[in-house]
Every structure is written in C-alpha cells, then in structure tokens.
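Undergrad:
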Amino acid sequence: MQYWLVKSEPFEYSYDQLVKDGSTVWDGIRNYQARNNLRLMKKGDLVLYYHSREGLEVVGIAKVSKEHYPDETAEKGDWSVVELKPYKRIENPVSLKTIKANSKLQEIHLVRNGRLSVMSLKEKEYDEILRMGE
DNA sequence: GCCAACGTTGGC
DNA sequence: GCCAACGTTGGC
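In this note's numbering, the protein residues as written are 9 to 142.
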C-alpha cells in the first residue's frame with residue numbers, strides 16, 4: 009500500500025464532483041514526474057485530494073480504482089491516466105498553511121516544490137495529515 | 001493579476 | 001549538450 013497526494017483546481021474538478029460522479033479518469037497529466045507517479049499507483053492505494061488555486065486545502069481521500077493505462081486525450085507523447093473514486097471526506101480540511109507549519113511535513117512536495125501535481129507521501133506524512141483533519 | 005519557480009523547447 | 005527564451009503552475 010502506498011500513499012499519494014493529487015492536486016486539482018476545485019473550479020475544474022472538485023472533490024464534491026468526484027463524490028457526485030462516483031469515479032473519474034485522472035487525465036491531462038503532462039508532467040513526467042507526475043506521470044511516473046501515476047504509473048506507480050496500485051489499485052487500492054489511498055490518495056489525498058488537495059484543492060489548488062482556490063481552497064488550498066486537503067479536503068478528502070480518494071482511492072485508486074483502476075491502475076494506469078494510456079491517456080487517450082493526449083494528441084502526442086506517452087501519457088497515462090488512472091481512475092480514482094472517492095473514499096472519505098476529511099472532517100476538517102487541512103490547509104496548506106498548517107501543513108507548512110508542521111515540522112513533520114517539511115519533506116513533501118507540496119511544501120518543497122509547489123508545482124508537482126501528483127506526489128507520493130510517506131505513511132507517516134499521510135497519517136499526520138489525517139490526524140490534523142480529525 | 002502578479003510573478004517566482006520550475007519545465008520544456010530549440011538554436012547553436 | 002548547453003543554455004536562453006519561453007510557457008505553465010500555483011501561492012500570494
């Protein structure tokens with residue numbers, strides 16, 4: 009079991025929309041590091057869902073429902089998608105501000121490289137964010 | 001809306 | 001294969 013965090017702009021595709029849809033194809037990733045992370049996702053892995061640009065907080069947990077396959081929306085290049093389904097909403101969304109202020113979470117990409125949209129988390133980091141959201 | 005930080009492209 | 005110029009992301 010591995011742990012991940014994905015970003016989405018809520019006005020593009022929010023966690024609420026994911027709940028409403030029941031599952032979604034995570035397409036449109038055009039960054040190699042992010043793509044490589046998608047390819048490492050296994051069915052059942054847990055994925056924190058972060059709202060970027062607006063909200064700036066972790067609002068829920070998703071689960072990998074289908075492992076990677078080619079991204080048909082890509083006109084050229086070698087890109088992948090996974091499928092995600094909602095798992096659990098986070099009671100008290102965890103803001104970027106509080107994540108940045110937590111000494112245990114200084115290593116995650118959200119803090120170190122704000123631009124990566126699919127990143128892995130250590131189990132301890134995942135647990136810590138969930139604890140903060142209780 | 002600005003702009004820093006990062007990624008990508010393309011001329012040499 | 002270097003690196004300047006350009007494009008994009010995303011916090012502020």
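Backbone N, C-alpha and C fix where the C-beta goes; we use that ideal spot for every residue, glycine too.
For I107 versus V119, is the C-beta spacing smaller than 8 Å?
TA: Counted from its first residue, the first sequence places residue 107 at position 99. Counted from its first residue, the first sequence places residue 119 at position 111. Yes, they are a contact pair.
Undergrad: Starting from M127 and walking both ways along the beta strand (DSSP E), at which residues does that stretch end?
TA: Here residue 127 refers to the residue found at position 119 of the first sequence. Unbroken beta strand (DSSP E) run through M127: 126 to 129.
Undergrad: Whole angstroms is fine: what's the gap from N110's alpha carbon to V102's?
TA: By one-based count along the first sequence, residue 110 stands at place 102. By one-based count along the first sequence, residue 102 stands at place 94. If you take the alpha carbons of N110 and V102, they lie about 11 Å apart.
Undergrad: Report all residues from its chain with a CB closer than 6 Å to the CB of D35; omit the five preceding and five following residues, and keep chain order.
TA: Position 27 of the first sequence holds residue 35. Correct list, in chain order: D79, T81, V89.
Undergrad: Look at the alpha carbon of K112 and the alpha carbon of K105, and state the distance between them as a whole number of angstroms.
TA: Looking up residue 112 in the first sequence gives position 104. Looking up residue 105 in the first sequence gives position 97. Roughly 14 Å separates the two Cα atoms.
Undergrad: Whether or not the stretch 70 to 78 and the stretch 115 to 135 are in contact is what I'm after, with contact meaning three or more pairs of Cβ atoms, one per stretch, closer than 8 Å; do they touch?
TA: In short, these stretches do not touch, since the Cβ pair count stays below three.
Undergrad: Among N100, G141, D86, which residue has its Cα nearest to the Cα of L46?
TA: Here residue 46 refers to the residue found at position 38 of the first sequence. If we check each option's Cα against that of L46, D86 comes out closest.
Undergrad: With I69 as the anchor, note down where its beta strand (DSSP E) starts and where it stops.
TA: Residue 69 sits at position 61 when you count from the first residue of the first sequence. Run containing I69: 65 to 78, per the beta strand (DSSP E) assignment.
Undergrad: Alpha helix (DSSP H) containing R38: first to last residue?
TA: Sequence index remark: in the first sequence, residue 38 carries index 30 (1-based). It is not in any alpha helix (DSSP H) - R38 carries neither H nor E in the DSSP assignment.
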